[in-house]
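Using full-length UniProt numbering, read the sequence shown as starting at 1 and increasing by one per residue.
Where a beta carbon is used, it is the ideal one built from N, C-alpha and C, also for glycine.
Worksheet: the structure to be examined is printed underneath.
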Amino acid sequence: MWLMQQRTPQATAYNVPLILHLAAGIQLPALAEAVQRLLARHSGLRTAFVSGADGLYQEVCERDVLCRTFAVGAFSEQTWRSFATLVFDTPFDLATSALCQAWLLPFADGSCRLLMNLHHIVIDGWSMNLLFDDLVQLYDDALHGRANAEPLPGLGTLEFALWQRQWRVDPRYRDQRRALAGLHRQQPACSPPLVAVREPGPQARLYRQPLGAMRSAALDRFCSQQRVTRYEVLFSVYAWSVYALTGCERPRIASPVSNRPLTEFEDAIGMFANTVLIPTVLDNSMTLDQQMHRQTATVREVLALQDVALADLVEDLRLSSSSALFDFMFVLENTDYARLARTSLRATFELTETVQAKCPLTLSVVDVGSQLECWWEYQCSYFDAAQMTSVNQVFQQGLDLLLEKPSAILDDLLTPYRFSLPPASQGGSDAAPFGTLADWFEHQVNCTPDAPALVADQQRISYAELDALADTLAATLVEQCPLPEGYDAPLQVVLYLEASVEHIVALLALARLNLTAVPLDPGYPLAG
Numbered sequence: 001m002w003l004m005q006q007r008t009p010q011a012t013a014y015n016v017p018l019i020l021h022l023a024a025g026i027q028l029p030a031l032a033e034a035v036q037r038l039l040a041r042h043s044g045l046r047t048a049f050v051s052g053a054d055g056l057y058q059e060v061c062e063r064d065v066l067c068r069t070f071a072v073g074a075f076s077e078q079t080w081r082s083f084a085t086l087v088f089d090t091p092f093d094l095a096t097s098a099l100c101q102a103w104l105l106p107f108a109d110g111s112c113r114l115l116m117n118l119h120h121i122v123i124d125g126w127s128m129n130l131l132f133d134d135l136v137q138l139y140d141d142a143l144h145g146r147a148n149a150e151p152l153p154g155l156g157t158l159e160f161a162l163w164q165r166q167w168r169v170d171p172r173y174r175d176q177r178r179a180l181a182g183l184h185r186q187q188p189a190c191s192p193p194l195v196a197v198r199e200p201g202p203q204a205r206l207y208r209q210p211l212g213a214m215r216s217a218a219l220d221r222f223c224s225q226q227r228v229t230r231y232e233v234l235f236s237v238y239a240w241s242v243y244a245l246t247g248c249e250r251p252r253i254a255s256p257v258s259n260r261p262l263t264e265f266e267d268a269i270g271m272f273a274n275t276v277l278i279p280t281v282l283d284n285s286m287t288l289d290q291q292m293h294r295q296t297a298t299v300r301e302v303l304a305l306q307d308v309a310l311a312d313l314v315e316d317l318r319l320s321s322s323s324a325l326f327d328f329m330f331v332l333e334n335t336d337y338a339r340l341a342r343t344s345l346r347a348t349f350e351l352t353e354t355v356q357a358k359c360p361l362t363l364s365v366v367d368v369g370s371q372l373e374c375w376w377e378y379q380c381s382y383f384d385a386a387q388m389t390s391v392n393q394v395f396q397q398g399l400d401l402l403l404e405k406p407s408a409i410l411d412d413l414l415t416p417y418r419f420s421l422p423p424a425s426q427g428g429s430d431a432a433p434f435g436t437l438a439d440w441f442e443h444q445v446n447c448t449p450d451a452p453a454l455v456a457d458q459q460r461i462s463y464a465e466l467d468a469l470a471d472t473l474a475a476t477l478v479e480q481c482p483l484p485e486g487y488d489a490p491l492q493v494v495l496y497l498e499a500s501v502e503h504i505v506a507l508l509a510l511a512r513l514n515l516t517a518v519p520l521d522p523g524y525p526l527a528g
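Here it is in structure tokens:
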């Protein structure tokens, strides 16, 4: 994560934006005190990552991390999002300790928004739950004037780094490392990386849709009957949906894991999570049930070796660290975003409108209490909103088909989707920006007059020079071959020229005069 930030220091894909809406009646002084104490309590939130001669160092800053509180009414429902966008679109400098920032925006009606911006390098999903619990406890203490009992000293990310360094040279770890690399080497080659269909860029959008209470309950019943987990079922359905959307039969899918192998780290706040790469192979000759169970077996093999750091797997497989390791990510979110609504804070979680994507497509399945929700984060250079609507429908239909008719095959899911797509030859119907070829060429001349337009042997002709030649020929034709007055019938002009600069100049001149060129190839055999 540190390396990725160094490669693209302006990226915000690993910013973790939190927006909590607190209803009217919240006690602002108590909340401000709680947030301030929360940031001061956890050293992981005050950690900087500094490059040294021997590698990367963690430095804990002892200064207080401030929670900035604005005046009541400084922001309204109409204006606060602009400030939030400014906050969340600002990249972090990992060498500073300001990797967790907080702002309180109180509104005139007594409600407020709490904005927290963290870098993923200091927080993971498991830690978010701990952070929420601490915030509630500190708010209640401040509200009732209770002294805060400081938590007993525990292990944190510094101790985890030391333990991990020792664990990575342990023979048992080396055995796991070899086993994971061997598992990946046995798999068929992955599908080629996705290619952006628009100008590459990090900008992304979030498409959020409920899975439905009945479908969520049916999923849990199916898991109980089949002795599988939500994760295992939903991962398989996600792979089928990716196949429908992209045609990738062996998509490169990654997934985060909590990576807290020792109970001593369970209550620590920081970034402990690891990322695993899960091989995926689709086979239309198998039923959905068979495919799900085969995929589940692979998932379990990988997760049994989840302690192996992704960096070590990349090294063992000799994968290129300069290019993306995966195109897709699947996340079964372990953060309980709904828990704060059930506390004295009565806070609801809101999503930011601006995001940058970690990969072309990520599906996060979030438990919101009464049901599951699907959060599709998609990179705009690869996918659009219509495709997200379609892939979400395929995901829901695939899950329904697996739950209700597990003997179905993949074609039963994909055929209706594929027949709903427009023909491959059917393009957009937007009006052309220019009416004629001559207008197109004139626009290019104005944009890049000195750029090379034509190369013939050793001769290079710029757009401006080619334009002047065509203009001269057009003027000569008008002068030497005038049309009868009032003649408006379509005209064709035969060109009998070898491929040459003169041929191109003639075509442009005729286009400028709105005449139809009929080129004849001098190399074509003459009629007998």
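Do you know whose CA, among the options, lies nearest residue i's CA?
i             : options                           : result
aspartate 412 : Val366, Ser241 and Asn117         : Ser241
glutamine 280 : Arg318, Ala309, Phe272 and Phe326 : Before going further, note that residue 280 is threonine rather than glutamine in the sequence given. Cα-wise, what sits closest to threonine 280 is Phe326.
leucine 351   : Gln5, Ala408, Pro9 and Leu20      : Leu20
alanine 239   : Arg41, Ser255, Leu313 and Leu114  : Ser255
proline 202   : Cys359, Ser76, Leu180 and Leu155  : Cys359
leucine 28    : Lys405, Arg41, Phe419 and Leu105  : Leu105
arginine 178  : Gln226, Gln295, Asp316 and Arg221 : Asp316
threonine 298 : Thr335, Phe70 and Ile253          : Ile253
leucine 473   : Leu513, Leu345, Ala204 and Gln295 : Leu513
lysine 405    : Val302, Pro193 and Phe222         : Phe222
leucine 421   : Met128, Asp54, Ala74 and Ala386   : Ala386
glutamate 249 : Cys374, Arg205, Thr69 and Ala189  : Ala189
valine 195    : Gly247, Val233 and Ile409         : Gly247
leucine 130   : Asp467, Leu340 and Val302         : Leu340
histidine 42  : Gly435, Pro171, Phe132 and Asp312 : Phe132
leucine 466   : Val445, Leu483 and Gln458         : Val445
glutamate 333 : Glu373, Gln492 and Phe70          : Glu373
glycine 44    : Leu94, Arg81 and Pro9             : Leu94
residue 593   : Phe49, Pro490, Tyr243 and Leu483  : What is shown of the chain runs 1 to 528, which leaves residue 593 out entirely.
Do residue j and residue i come within 9 Å of each other at the CB atom, strictly closer than that value?
i                 : j                 : result
leucine 135       : alanine 34        : yes
threonine 79      : cysteine 61       : no
alanine 11        : glutamine 356     : yes
phenylalanine 349 : leucine 56        : no
arginine 208      : tryptophan 376    : yes
leucine 155       : phenylalanine 328 : no
leucine 282       : leucine 399       : no
tyrosine 382      : valine 197        : yes
leucine 143       : alanine 30        : yes
alanine 347       : glycine 369       : no
Starting from residue i, trace the alpha helix (DSSP H) both ways and give me its first and last residue.
i             : result
cysteine 380  : Cysteine 380 -> no alpha helix (DSSP H), and no H or E assigned at all.
aspartate 336 : Element bounds for aspartate 336: n/a, residue is neither H nor E.
glutamate 485 : That residue, glutamate 485, is in no alpha helix (DSSP H); it is neither H nor E in DSSP.
glutamate 249 : First-last for glutamate 249: undefined, no H or E at that position.
cysteine 223  : 213-226
valine 122    : Taken as a continuous stretch (DSSP letters only), valine 122 belongs to no alpha helix (DSSP H), as it is neither H nor E.
Starting from residue i, trace the beta strand (DSSP E) in both directions and tell me its first and last residue.
i            : result
aspartate 61 : Checking the sequence, you will find cysteine at residue 61 rather than aspartate. Note, cysteine 61: premise wrong, no beta strand (DSSP E); not H, not E.
residue 559  : Residue 559 lies beyond the range of the chain shown here (1 to 528); nothing can be said about it.
glutamate 77 : From DSSP, glutamate 77 is part of no beta strand (DSSP E); its letter is neither H nor E.
histidine 21 : 15-22
glycine 52   : 47-52
tyrosine 524 : From DSSP, tyrosine 524 is part of no beta strand (DSSP E); its letter is neither H nor E.
Rounded to whole angstroms, what's the CA-CA distance from residue i to residue j? Just pull it up for me.
i                 : j                 : result
arginine 300      : arginine 230      : 13 Å
glutamine 480     : aspartate 471     : 14 Å
threonine 275     : serine 500        : 58 Å
valine 391        : leucine 245       : 6 Å
glutamine 187     : arginine 260      : 28 Å
phenylalanine 235 : phenylalanine 330 : 7 Å
alanine 438       : leucine 508       : 7 Å
valine 494        : histidine 503     : 11 Å
tryptophan 126    : leucine 262       : 14 Å
glutamate 58      : glutamine 5       : For the record, residue 58 in the displayed sequence is glutamine; it is not glutamate. Glutamine 58 and glutamine 5: Cα-Cα distance of roughly 16 Å.
histidine 443     : proline 433       : 10 Å
serine 323        : methionine 286    : 33 Å
arginine 460      : tyrosine 496      : 23 Å
valine 169        : tyrosine 14       : 29 Å
aspartate 488     : leucine 510       : 16 Å
alanine 23        : glutamine 393     : 34 Å
isoleucine 52     : glycine 25        : One detail in the question is off: residue 52 reads as glycine in this sequence, not isoleucine. Taking the straight line from one Cα to the other gives about 49 Å.
contact_flag[the region 61-81, the region 163-170] where n(CB pairs < 8 Å) is 3 or more: no
Contact between the region 267-274 and the region 117-131 (3+ Cβ pairs under 8 Å): yes
Meets three-Cβ-pair contact criterion under 8 Å: the region 171-186 and the region 361-368: no
Segment contact flag, the region 88-105 with the region 129-145, C-beta cutoff 8 Å, min 3 pairs: no
Contact between the region 516-525 and the region 435-455 (3+ Cβ pairs under 8 Å): no
Cβ contact (3+ pairs, closer than 8 Å) linking the region 211-222 and the region 287-298: no
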